[in-house]
Amino acid sequence: MKTTLVYAGIAGKGFDSLKQGMDSGWISHGLASLSAYAGKQGFAVDLIDLRALNDWEHFRQELLVRQPDVVGLTMMSVDFNPVMKAVHLIKEARPETITVVGGPHPSFEPQSVLENAEVDYVVVAEGEITFTNLLRAASQGNRPPERLLIGIHSNLDRLPYADRGLFLDEWRKFGYDMQSPEVPFVDELPPPFVTIIAGRGCIYNCSFCKPAEDFLFGKGTRRRSVPNIIGELKELRDRYHFNSFMFHDDCLLEDQKWCQGFVEAYRAEGFRQPYFCQARADLMVHHEETVALMAANGLKGLFIGFESGSDRVLKFLRKGTTRQINLEAARVCRKYGLTVWANYMLGLPEESKEEVLETVSMLQEMDPDYYSPAFYTPHPGTDLFDYTLEHNLSLITDYDSYRRNPTELKIKGHDWEFMQWALAESQRRTPANQARRTARRLWNRYGDPHKYVRKVRRMVGQAAM
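Numbering follows my numbering, with no gaps: position 36 of the sequence shown is 489.
If you want it as structure tokens, here you go:
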């Protein structure tokens, strides 16, 4: 059985886009986990990463060379069009190839994928076990008659570590000089850099995520044990000599005991590499002692889902936080020298201009190190998506618009010029804050006072020339 996995994440930057930021410099943990599990069961798996190719003709040529018996493709909603294009080219080049589509979007809207007769199977939820069972059945000439296959929520400690070599080998094949599997995205995280996932799922109930996430991972959170995570980090240290990493988990801080156990084990194994993780503002405020412990042992920054500066909007989103909690979380970060990566949304359903301004003023008051704004995008499978349909609020007419970037309004009732102004204003720094941020960035990059001073002098000298 020749099995090829396809990563079609080109909706944002297109072909030939590797190393161009977060969405173009990281692996797909879903495919890396599929490959690791299938490989452990004796199946050879390779990868075609569209980000490393030149165009669709390049993809067609790769198919003709590899002649795969099975192709598995992962799909978020924004990937719908490139995945369907890839499926068509697969069937055109090799009609007998078995095509399998899985990932978030098929888990939330399987019928939209099953409508394409060129898709042989759709896997919903987690696919490691189900996809490998399909490979085994196909290799024995006993393919299942049902096209819709239900994934199995496995014990995460029993899964092998993600197969990062699947991506690294593919990238090097196409001439990309990659020393580590992934590309760092902030100065605080020096290369070589990797990402890791400690758990799947979330116990909270935000209307813009739920119940879709429950469909994908099951209710609640399943977390890998601390020894399992430390074992993977030790393997990554030996193989890639990483200097920094990031947890992908939705909310690592939800389990205080786990975090405290991780810090103890991380320190005991001699790790000193800095890392980032994601957190909820309320957990940071209510468990400041855990934040302090992690900050003293490698944690350098937090992705925080502030979402809005309006208490009414936060309640509407079922976020479970307030504007005051958001501001206090930013202060906790400053207290312990942690970088603040602010995730927030503008253009929400029925959000007033006054409420948008509350978000703008909140951002200006907390002065985050990095801004990650989005014009709210209603994603299938969520309660807020259903709300936008019920009230005829959605402006989305094509899957390409499911990108969260603030390049177009997704909800009716908002003024484009005002929203553009609010977007820019939410990221405006005072001259003093800008100078402080520049100094902090240079300090993080050059490490000690002497290097920092020399760099500043060079910059001043170049400016005077």
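Positions of the beta carbon are idealized from the N, C-alpha and C atoms, including for glycine.
Take the alpha-carbon of L862 and the one of F724: they are about 44 Å apart.
Each of D868, A827, D822 and G790 was checked against the Cα of E807, and the nearest Cα belongs to D868. DSSP places A783 inside the alpha helix (DSSP H), whose first and last residues are R776 to K788. In its chain, beyond the 5 residues on either side, A795 and Q880 have a beta carbon closer than 6 Å to the beta carbon of Y824. In this structure, the straight-line span from the alpha carbon of N534 to that of T883 is close to 42 Å. At the C-beta level, P613 and K455 stay beyond 7 Å of one another. F769 and N779 have their alpha carbons spaced roughly 16 Å apart. When the five nearest sequence neighbours on each side are left out, the beta carbons in the same chain lying within less than 8 Å of the beta carbon of H558 are those of M528, M529, S530, D532, F533, S565, V566 and P833, in order along the chain. In the displayed model, L846 falls within coil according to three-state DSSP, outside both helix and strand. The beta carbons of T585 and Y490 sit closer together than 7 Å.
Taking each of G773, E707, G467 and D822 in turn and checking the Cα distance to G673, the smallest one comes out for E707. F724 is bridged by DSSP to nothing; it lacks a bridge partner. For S592, the secondary structure class from DSSP, reduced to helix, strand or coil, is helix. With a cut-off of 8 Å on Cβ pairs, the stretch 598-605 is not in contact with the stretch 674-694, counting fewer than three such pairs.
Note that the C-beta distance between A546 and R519 is not below 7 Å.
When the beta-carbon positions are compared, V785 and E878 stay at least 7 Å from each other. Relative to the Cα of H606, the nearest Cα in the group R677, V636 and V554 belongs to R677. For R776 against G762, the beta-carbon gap comes to about 5 Å, under 8 Å, which counts as contact.
K663 is the residue among K663, W711, G556 and S805 whose C-alpha sits nearest the C-alpha of L837.
In this structure, L669 is the residue among K753, L669 and G684 with its C-alpha nearest to the C-alpha of G580.
Between C659 and E666, the gap from beta carbon to beta carbon reaches 7 Å or more.
The shortest C-alpha to C-alpha distance from A464 to any of E870, L487, D502 and V498 is the one to D502. Non-local beta-carbon contacts of K472 in its own chain, meaning distances under 6 Å to residues more than five positions away in sequence, involve G478 and V636 in chain order.
When the beta-carbon positions are compared, P645 and N696 come within less than 7 Å of each other. DSSP places C704 in the coil class of the three-state scheme, outside both helix and strand.
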